[in-house]
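Q:
In the numbering used here, the protein residues as written are 23 to 716.
1. CA-CA distance, residue 254 and residue 508?
2. Considering only C-alpha positions, which residue in the set 317, 587, 110, 157 is nearest to residue 136?
3. Pairs of beta-carbons, one from the segment 535–546 and one from the segment 231–249, closer than 8 Å: are there three or more?
4. I'd like to check one pair, residue 301 with residue 390: are the Cβ atoms closer than 8 Å?
5. Checking 8 Å against the spacing of the C-beta atoms, do residue 13 and residue 592 come in under that value?
6. Considering Cα atoms alone, identify which of 470, 482, 463 is closest to residue 249.
7. Under three-state DSSP, which class holds residue 500?
8. Could you check whether the segment 470–486 touches the segment 198–210, counting it as contact only if at least three pairs of C-beta atoms, one from each stretch, sit closer than 8 Å?
9. Suppose the cutoff is 8 Å on Cβ atoms and the five residues either side in sequence are ignored; what does the same chain contact list for residue 349 look like?
10. So what does DSSP say about residue 552, is it helix, strand or coil?
11. Which residue from 341, 274, 504, 61 puts its Cα closest to that of residue 294?
12. Residues in its own chain within less than 6 Å of residue 323 by CB, not counting five upstream and five downstream?
13. Taking the runs of the alpha helix (DSSP H) that are 4 residues or longer, which of them lie wholly in the segment 451–516?
14. Would you please state the rounded distance, in angstroms, between the beta carbons of residue 329 and residue 286? I believe it to be under 8 Å.
15. Can you look up residue 219 in the DSSP assignment and give me helix, strand or coil?
16. Exposed or buried, what is residue 366 when buried is set at 16 or more other beta-carbons lying within 10 Å of its beta-carbon?
17. Where does residue 539 sit, in a helix, a strand or coil, going by DSSP?
18. What separation, rounded to the nearest whole angstrom, lies between the Cα atoms of residue 658 and residue 647?
19. Please look up how many angstroms separate the CB atoms of residue 638 and residue 679, rounded, as I've assumed it's under 8 Å.
20. CB residue 447 to CB residue 411, shorter than 8 Å?
21. Inspect the CB distances between the segment 157–172 and the segment 58–69 and report whether three or more fall short of 8 Å.
22. What residue range does the beta strand (DSSP E) around residue 675 cover?
23. Please name the residue in 339, 457, 550, 461 whose C-alpha comes closest to that of residue 404.
24. In the DSSP assignment, the beta strand (DSSP E) including residue 636 goes from what residue to what residue?
25. I'd like the span of the beta strand (DSSP E) that includes residue 27, first residue to last.
26. Roughly how far, in whole angstroms, is the beta-carbon of residue 464 from the beta-carbon of residue 256, given that I think they are within contact range, below 8 Å?
27. Would you mind giving the Cβ-Cβ distance between residue 28 and residue 54, rounded to the nearest angstrom? I have them listed as a contact below 8 Å.
28. Quick check: the Cα distance between residue 444 and residue 268, rounded to an integer number of angstroms?
29. For residue 292 and residue 649, I'd like the C-alpha separation in whole angstroms.
30. Using the three-state DSSP reduction, which class does residue 282 fall into: helix, strand or coil?
31. Just to check my reading of the structure: residue 141 and residue 43 have Cβ atoms closer than 8 Å, yes? What is that Cβ distance to the nearest angstrom?
32. Go through its chain and collect everything with a Cβ distance to residue 359's Cβ below 6 Å, but skip five positions before and after it.
33. What do you get for residue 201, buried or exposed, if any count of 16 or more other CB atoms within 10 angstroms of its CB means buried?
34. Assign residue 343 to one of three DSSP states: helix, strand, or coil.
35. Do residue 660 and residue 641 come within 8 Å of each other at the CB atom, strictly closer than that value?
36. If you measure between the beta carbons of residue 58 and residue 77, is that distance less than 8 Å?
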């Protein structure tokens, strides 16, 4: 008896789906992504023939396609079950052409989650391939190919081989470079804060913060200004002029989109966007749950929508009522107005079955899978829970026309905070019972000098947020874009921050000079809108290319004529270990390195070592140098490696521990900076005070 053939993208997904459908009537095969695409070795777009793409079978995918064709010939019916997005639609279209499936045949199935009900429901409701979706993907693919394959050879010619330019990656690099320029140009401005510790008649102490001076000014900009205020109020009593009691609500966040998941996983779990998407893909495709077999635990992970289905909404409401408490269930759904750019093609990222709580799933998940699943599950359940409620108390005090304020709050009802363990929480701030017209006396005056800070460097999380806000790229592009600019050496990590490299600044400068339109944020955002119009059938895909290419071709001609050749070679003070010739600094794919100037007669190279002027505490002969782990994380080790294996994640300093006499190190965390002992058995540490506050 002939079976039906179901074609998916990944082997993991194939295994899960075959279990749901049964091997008796179905065979499930994986294409392992695209099988047909533009060639890597040439442009693959015929500019003279209406920008016709020249698709070929991807090298190495011949056996996969042959196996699928063999099964297709025997199958009574073929279902194309690739991912439910533009890319997935294009893969199905290529497969349909390769298998000679009639274009009017209802062969395409899609599902938002890999569960038994979702798969069986999809099989019952196949549809025709959506050519508008395919065209939107073709437009993006062809345009990105034209940009990448036309500009990149110019960079090879003028700078060095191996460089690349891309429509989205170049914009992301420019954003990081522009932020660095902004930081370097920043001029700090002085300002002061003033906190008083006061006490009421019952000797109960509390803090109050400066609000405004006797002239109504809310900012203190100099030491002279703060001294005037201090002289005006010292030895005086403050009168309470206003006591306000109130209530504050804190609403839960909406369920995750791709962007917000990447941001939260970065901020709360420290995951890179690449790691987050890899783990999320595993949770989506299927996890082995003992006797139950492989089951997809979360819905489709590439989405810009916060919408959830009515069925999922009912299930989570029932779960909250039964497991957490009816009074925790949100009485009315919180709705936020979606952005114009949101496609809303899929639901938000959520658990496929809310009863599979993190604790229930923990035995089946690896540590990192568990953490991400817990984050997704908690965010989803919390989104349907009541807001957290706080009782608030606001006190205004006056002395000689200078006003101060004190605010207190206490959690009255935890609401969604009962479930969302990673939500940021503020501790209760209690104030004593205070009354209007009551007098308080000053116990301590604490003035502090500050300086305004430059904008922070981008992290992966903040870059994703900025790209989303400005309409650059789509959910599926954020992670690969960041991975690309890091791997190309245009951007590097310093801790969690992203910094432009010299190479990134150089390439971006060239693109700004000659291809300003391509790396313009507004152009990229408008292009995404046009791709959406193609998807909606409002615009032909080739018209987008026709509008773009003529002006792009002019830019190329100007660039070819005017870009000057740049030699990425710098002199150094180092001497070659093999031939005693001077060494030069060159740029490679993985950054700078030292190479012998006598090349090709001498091919000796070595990495550039950054010393930090600290002697190795272990061997005392070597020096501490900066190194990078395989994952790009900065650490510190002995220059005598491998004979000396001293290492430290924190930066060692020229100071010995007062408790054990081992070397100390400067350790930075998100919340503080500390001096800690490198001896793991010694617990000595001290906070680094802000130099401006000393």
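For each residue, glycine too, the CB sits at the ideal point set by N, CA and C.
Since the structure is predicted, the reported quantities are computational estimates derived from the model, not experimental observations.
A: In short:
1. Here residue 254 corresponds to residue number 232 of the chain shown, with the count starting at 1. Here residue 508 corresponds to residue number 486 of the chain shown, with the count starting at 1. Their Cα atoms are separated by approximately 56 Å.
2. For this step, residue 136 is matched to residue 114 along the chain shown. For the set 317, 587, 110, 157, the Cα lying nearest the Cα of residue 136 is the one of 317.
3. Flag = no, the segment 535–546 and the segment 231–249 do not touch.
4. Here residue 390 corresponds to residue number 368 of the chain shown, with the count starting at 1. Here residue 301 corresponds to residue number 279 of the chain shown, with the count starting at 1. Yes, the pair counts as a contact, with Cβ atoms nearer than the cut-off.
5. There is simply no residue 13 to check, as the chain begins at 23 and stops at 716 in what is shown.
6. Here residue 249 is taken as the residue at index 227 of the chain shown, counted from 1. The residue among 470, 482, 463 with its C-alpha nearest the C-alpha of residue 249 is 470.
7. Taking the chain shown and counting its residues from 1, one reaches residue 500 at position 478. In this structure, residue 500 counts as helix in the three-state DSSP scheme.
8. They touch, by the three-pair rule.
9. Here residue 349 corresponds to residue number 327 of the chain shown, with the count starting at 1. Same-chain partners within the cutoff: 408.
10. On the chain shown, residue 552 is found 530 positions in, with the first residue counted as 1. Residue 552 sits in a helix when the DSSP states are folded into three classes.
11. Here residue 294 refers to the residue found at position 272 of the chain shown. Looking only at 341, 274, 504, 61, the smallest Cα-Cα distance to residue 294 is reached by 504.
12. Within the chain shown, the letter at position 301 stands for residue 323. 302, 306, 371.
13. Secondary structure within the segment 451–516: the alpha helix (DSSP H) runs of 4 or more consecutive residues, fully enclosed, are 482–491, 500–509 (chain order).
14. The residue labelled residue 329 in the question sits at position 307 within the chain shown. The residue labelled residue 286 in the question sits at position 264 within the chain shown. The C-beta distance from residue 329 to residue 286 rounds to 18 Å, too long to fall under 8 Å, and the pair is not in contact.
15. If you number the chain shown from 1, residue 219 lands on position 197. Looking at residue 219 - three-state DSSP - the assignment turns out to be strand.
16. For the purposes of this step, residue 366 is identified with residue 344 of the chain shown, where counting begins at 1. Any reading at residue 366 must be qualified, since the residue scores a pLDDT of 49, below 50, and its modelled position is unreliable; the value itself is stated next. It counts as exposed.
17. If you number the chain shown from 1, residue 539 lands on position 517. Three-state DSSP puts residue 539 in coil, outside helix and strand.
18. The residue given as residue 658 occupies position 636 in the chain shown. The residue given as residue 647 occupies position 625 in the chain shown. A direct Cα-to-Cα measurement between residue 658 and residue 647 gives close to 6 Å.
19. Taking the chain shown and counting its residues from 1, one reaches residue 638 at position 616. Taking the chain shown and counting its residues from 1, one reaches residue 679 at position 657. The pair is not a contact, with the Cβ atoms about 16 Å apart (cut-off 8 Å).
20. Here residue 447 corresponds to residue number 425 of the chain shown, with the count starting at 1. Here residue 411 corresponds to residue number 389 of the chain shown, with the count starting at 1. Going by C-beta atoms, residue 447 is not nearer than 8 Å to residue 411.
21. Result yes; three or more Cβ-Cβ pairs closer than 8 Å.
22. Taking the chain shown and counting its residues from 1, one reaches residue 675 at position 653. Here the beta strand (DSSP E) through residue 675 covers 673–678.
23. The count along the chain shown starts at 1 and reaches residue 404 at position 382. It is 339.
24. Reading the chain shown from its first residue, position 614 is the one you call residue 636. For residue 636, the enclosing beta strand (DSSP E) starts and ends at 632–637.
25. On the chain shown, position 5 is the one that residue 27 refers to. Start and end: 26–30.
26. Taking the chain shown and counting its residues from 1, one reaches residue 464 at position 442. Taking the chain shown and counting its residues from 1, one reaches residue 256 at position 234. Contact check for residue 464 and residue 256: beta-carbon distance about 7 Å, within the 8 Å limit, so the pair qualifies.
27. Translated into positions along the chain shown, residue 28 becomes position 6. Translated into positions along the chain shown, residue 54 becomes position 32. Not a contact, Cβ separation roughly 15 Å.
28. Taking the first residue of the chain shown as 1, we reach residue 444 at position 422. Taking the first residue of the chain shown as 1, we reach residue 268 at position 246. If I take the Cα positions, the gap works out to 26 Å.
29. By one-based count along the chain shown, residue 292 stands at place 270. By one-based count along the chain shown, residue 649 stands at place 627. Between the C-alpha atoms of residue 292 and residue 649 there is a straight-line separation of about 20 Å.
30. On the chain shown, residue 282 is found 260 positions in, with the first residue counted as 1. When secondary structure is reduced to three states using DSSP, residue 282 falls in the helix class.
31. Sequence index remark: in the chain shown, residue 141 carries index 119 (1-based). Sequence index remark: in the chain shown, residue 43 carries index 21 (1-based). So it is a contact: roughly 6 Å between Cβ atoms.
32. For the purposes of this step, residue 359 is taken as the residue at position 337 of the chain shown. Annotation note: pLDDT 47 at residue 359 (below 50); position unreliable, coordinate value reported separately. Result list for residue 359: empty, nothing under 6 Å.
33. Sequence index remark: in the chain shown, residue 201 carries index 179 (1-based). Classification for residue 201: buried.
34. Counting from 1 along the chain shown, the entry for residue 343 is found at position 321. DSSP places residue 343 in helix when its eight states are reduced to three.
35. In the chain shown, counting from the first residue as 1, residue 641 sits at position 619. In the chain shown, counting from the first residue as 1, residue 660 sits at position 638. Contact: yes.
36. The residue given as residue 58 occupies position 36 in the chain shown. The residue given as residue 77 occupies position 55 in the chain shown. The answer is yes: Cβ separation under 8 Å.
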